[in-house]
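K.L.:
Using our numbering, the letters of the sequence shown correspond one by one to residues 402 to 498. What follows is a single structure, and I will ask about it in a moment.
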Amino acid sequence: MNLRIQEVLDQYNISAAELGRRIGVSRASITNTINNGNPGAQMLIKWADAIGCKISEFFEKPNTEGTTGYIEHNGEVYKINSITDIEKLLNEIKEKP
Numbered sequence: 402m403n404l405r406i407q408e409v410l411d412q413y414n415i416s417a418a419e420l421g422r423r424i425g426v427s428r429a430s431i432t433n434t435i436n437n438g439n440p441g442a443q444m445l446i447k448w449a450d451a452i453g454c455k456i457s458e459f460f461e462k463p464n465t466e467g468t469t470g471y472i473e474h475n476g477e478v479y480k481i482n483s484i485t486d487i488e489k490l491l492n493e494i495k496e497k498p
């Protein structure tokens, strides 16, 4: 899933260091999550609150045709682009212990 975290920070003129200061973590932690991680929904909510934006701003603009959206399950956020994606995700969830 492609998140627009850096774009949102740029849009609000907030550095990774400033975001880290606002939520009490290091700049390196923020940068590492932006570059390598898949932040969970709770982290994105915390970041959105600190930035003063809507959580939806972190996500790519949705395609207005067909089925699109995001599903959160056990702290992971999954991007959905089709009914097939929903079916695949449901099957993966059912197969996990």
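C-beta atoms are modelled at their ideal positions from N, C-alpha and C, and glycine is treated no differently.
Can you grab the Cα-Cα spacing for the pair Ala429 / Ile435, in whole Å?
P.N.:
Answer to the nearest angstrom: the Cα atoms are 10 Å apart.
K.L.:
Secondary structure at Ile415, three-state DSSP: helix, strand or coil?
P.N.:
Reduced to three states, the DSSP call for Ile415 is coil.
K.L.:
Would you list the residues sitting across from Gly470 in a DSSP beta bridge?
P.N.:
Beta-bridge pairing links Gly470 to Ile481.
K.L.:
Tell me the DSSP bridge mates of Phe460?
P.N.:
Its beta-bridge partners are Leu404.
K.L.:
Do Ile494 and His474 have their C-beta atoms within less than 8 Å of each other?
P.N.:
Going by C-beta atoms, Ile494 is nearer than 8 Å to His474.
K.L.:
State the start and end residues of the unbroken alpha helix (DSSP H) segment that holds Ser427.
P.N.:
Ser427 -> no alpha helix (DSSP H), and no H or E assigned at all.
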